[in-house]
Amino acid sequence: MSSDRRADRTSRDIRERQQEAERDEFRTAARSLLMTPLMSPTHQDFTVVRRHAGPLRDWFARETGWILHVEREGARLYKRPADLTDATRGLPGYGRGRYVLLCLACAVLERADPQITLHLLGDRVLKLSVDPVLAGCGYSFTLGTQNERRDLVAVCRTLLDLGVLQRVAGDEESFVQAGRDHGDALYDVHRRALAGMLAAVRGPSTWAAGDAPATLDERLHALADEHVADSEEARRTALRHRIARQLLDDPVIYVECLEPQTRAYFVNQRGAMAARLCEATGLMPEQRAEGLALTDETGSLTDVAMPAEGTDAHVTLLVAEYLARRAKDGHRAFEALPEQDIAHFLGEARERFGRYWRRSAREPGSERELAAIAIERLEKLRLVARDANGVQARPALVRFALGEADIQLFGDARRSHDAPGLKTP
Numbered sequence: 001m002s003s004d005r006r007a008d009r010t011s012r013d014i015r016e017r018q019q020e021a022e023r024d025e026f027r028t029a030a031r032s033l034l035m036t037p038l039m040s041p042t043h044q045d046f047t048v049v050r051r052h053a054g055p056l057r058d059w060f061a062r063e064t065g066w067i068l069h070v071e072r073e074g075a076r077l078y079k080r081p082a083d084l085t086d087a088t089r090g091l092p093g094y095g096r097g098r099y100v101l102l103c104l105a106c107a108v109l110e111r112a113d114p115q116i117t118l119h120l121l122g123d124r125v126l127k128l129s130v131d132p133v134l135a136g137c138g139y140s141f142t143l144g145t146q147n148e149r150r151d152l153v154a155v156c157r158t159l160l161d162l163g164v165l166q167r168v169a170g171d172e173e174s175f176v177q178a179g180r181d182h183g184d185a186l187y188d189v190h191r192r193a194l195a196g197m198l199a200a201v202r203g204p205s206t207w208a209a210g211d212a213p214a215t216l217d218e219r220l221h222a223l224a225d226e227h228v229a230d231s232e233e234a235r236r237t238a239l240r241h242r243i244a245r246q247l248l249d250d251p252v253i254y255v256e257c258l259e260p261q262t263r264a265y266f267v268n269q270r271g272a273m274a275a276r277l278c279e280a281t282g283l284m285p286e287q288r289a290e291g292l293a294l295t296d297e298t299g300s301l302t303d304v305a306m307p308a309e310g311t312d313a314h315v316t317l318l319v320a321e322y323l324a325r326r327a328k329d330g331h332r333a334f335e336a337l338p339e340q341d342i343a344h345f346l347g348e349a350r351e352r353f354g355r356y357w358r359r360s361a362r363e364p365g366s367e368r369e370l371a372a373i374a375i376e377r378l379e380k381l382r383l384v385a386r387d388a389n390g391v392q393a394r395p396a397l398v399r400f401a402l403g404e405a406d407i408q409l410f411g412d413a414r415r416s417h418d419a420p421g422l423k424t425p
């Protein structure tokens with residue numbers, strides 16, 4: 001009898017370990033898809049995503065309303081933002097010109113052969129760039145300058161990172177430095193990944209010329225707005241999906257920033273929603289009266305970490321602590337502060353911490369650039385808001401008023417340890 005009990009206990013332990021391993025794999029796959037919604041077969045977690053494709057597809061559809069396609073050639077999670085007015089997201093280093101160039105490059109690749117050279121891609125982009133509509137908007141592209149060639153190469157590297165292109169031979173940098181007649185590269189074009197670039201509800205080409213939306217705001221809504229059935233249950237589901245998308249995509253949700261109907265649902269359901277989302281993703285809920293944050297303690301679901309390594313991250317942490325401490329010094333907690341005051345603070349902080357910073361950050365006058373970088377990072381983390389009056393601290397920033405920063409050196413790495421990180425996936 002005792003041997004039977006031991007055998008049952010062993011079987012139960014094995015089964016529990018298997019279930020825990022499956023849960024861990026599911027979390028890994030879900031986090032990877034949130035960070036890399038257009039995933040190529042070469043991604044380190046693609047095998048895990050394929051293994052759990054069914055449960056992942058059901059979970060994303062139920063909790064967020066996002067569609068997941070998983071095939072042998074890759075995976076695509078069709079994420080759509082909850083807030084179309086959020087201007088803090090985007091590809092690093094991209095302005096309006098590069099985004100236009102990215103669209104033109106994708107249009108060229110859609111009609112291209114299975115392989116294309118950088119030189120040929122540039123020539124065909126040039127032909128598309130002379131479109132009268134683009135010219136009427138003031139857009140021009142000639143490839144005649146090094147900056148323009150660098151923009152095209154930046155677009156190619158974005159497509160390489162996304163798995164749309166795969167380099168076969170050549171070097172983009174020689175194209176930038178020596179010109180398109182002396183440098184070149186050859187790419188394979190992966191059409192499955194290219195087809196998944198646009199995560200729109202409705203494709204732009206489905207509008208007739210006279211019916212197409214005119215303004216940027218109208219175009220964004222036309223691309224992303226989803227049909228909601230005229231029923232109470234459908235409206236509740238749409239609210240739940242919108243809140244879940246924000247919780248997974250944004251560092252923090254503030255109650256005061258929600259519309260009245262969304263706010264009422266959020267206040268009543270945020271505990272249950274946070275529990276479900278955290279169970280599937282491994283995030284940790286942090287509920288306060290002002291709102292809710294799902295914090296990422298591992299950093300693997302984070303694109304702007306705080307604290308983090310490097311000069312920019314350390315400067316951002318110093319500014320966060322400075323703004324948070326103002327409330328303790330008798331200032332109104334969330335009054336706007338002129339950006340030049342932040343730059344002045346960093347000028348003083350340079351005397352103390354400058355030896356840990358990169359050389360350019362130690363130069364006189366660099367505090368203005370550092371202040372702009374810090375404010376931008378804090379804005380992405382939803383820790384500050386910026387308007388014409390200056391920079392205004394938001395409630396979650398107070399968590400960084402924890403004391404002096406502790407600088408620890410590990411070779412060339414520099415890191416400030418002061419508070420847990422937030423996420424901006």
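In the numbering used here, the protein residues as written are 1 to 425.
Yeah, the Cβ is synthetic: ideal placement off N, Cα and C, and Gly gets one too.
Values in this document were obtained by computation on a predicted structure and should not be read as measured data.
Proximity of residue i and residue j at Cβ, strictly below 8 angstroms
| i | j | result |
| --- | --- | --- |
| Q392 | V384 | yes |
| L283 | L292 | no |
| A75 | L33 | yes |
| D387 | A336 | yes |
| V189 | A112 | yes |
Rounded C-alpha distance that separates residue i from residue j
| i | j | result |
| --- | --- | --- |
| P251 | L216 | 26 angstroms |
| G411 | S205 | Because G411 sits at a pLDDT of 41, beneath the cut-off of 50, its placement in the model cannot be relied upon, and the following sentence gives the value as read from the coordinates. C-alpha separation (whole angstroms): 53 angstroms. |
| A275 | A193 | 33 angstroms |
| L381 | R9 | 47 angstroms |
| A371 | N389 | 16 angstroms |
| A30 | H241 | 16 angstroms |
| A178 | Q287 | 55 angstroms |
| V49 | V176 | 37 angstroms |
| S174 | I116 | 17 angstroms |
| G144 | P132 | 20 angstroms |
| Q18 | R12 | 10 angstroms |
| A427 | N147 | This structure leaves residue 427 out entirely; the chain is present only between 1 and 425. |
| P114 | L128 | 20 angstroms |
Top-ranked residue by Cα proximity to residue i, from the options
| i | options | result |
| --- | --- | --- |
| Y254 | D58, R394, P132, D225 | R394 |
| L84 | R111, S40, A105, L220 | L220 |
| L239 | Q269, D211, E256, D249 | Q269 |
| E172 | G54, C156, A349 | C156 |
| A244 | E218, A280, S300, P260 | A280 |
| L126 | T42, G138, D341, A105 | A105 |
| A308 | A374, G271, R89 | A374 |
| L102 | V153, H43, Q261 | V153 |
| E232 | Y265, L162, A224, G210 | Y265 |
| V100 | L34, M306, G138 | G138 |
| E25 | V70, M39, R51, E16 | R51 |
| A222 | A212, A112, D230 | A212 |
| A169 | R98, L162, G183 | G183 |
| M197 | D303, E339, A107 | A107 |
| C257 | A234, G271, E290, T237 | E290 |
Same chain, Cβ closer than 8 angstroms to residue i, neighbours up to 5 away in sequence not counted
| i | result |
| --- | --- |
| L409 | Because the pLDDT at L409 is just 48, under 50, the model does not fix this residue reliably, and the value given afterwards should be weighed accordingly. Around L409: Y356. |
| Q246 | A82, D83, I253 |
| V319 | I342, F345, L346, A371, A374, I375, L378 |
| R27 | A280, T281, G282 |
Chain-order list of residues whose beta-carbon lies under 6 angstroms from that of residue i (same chain, five-residue window excluded)
| i | result |
| --- | --- |
| G354 | R362 |
| P37 | L77, K79 |
| E226 | V201 |
| V130 | none |
| Q44 | none |
| P41 | G74 |
The ligand GTP heavy atom lying under 7 angstroms from the CB of residue i
| i | result |
| --- | --- |
| R386 | Questions concerning the ligand GTP fall outside what the structure shown contains, since it holds no ligand whatsoever. |
Contact set for residue i: own chain, Cβ-Cβ below 7 angstroms, skip 5 residues either direction
| i | result |
| --- | --- |
| R358 | T311 |
| P420 | Any reading at P420 needs caution, since the residue's pLDDT is 35, under 50, leaving its predicted position unreliable; the model's value is listed next. Here the set comprises T295, E297. |
| R167 | L160, A185, Y187 |
| S366 | S360 |
| T158 | L91, L102 |
Quick check: the stretch 85-95 against the stretch 107-122, are there 3 or more CB pairs under 8 angstroms?
no
Is the stretch 57-76 close to the stretch 343-353, with three or more CB pairs under 8 angstroms?
no
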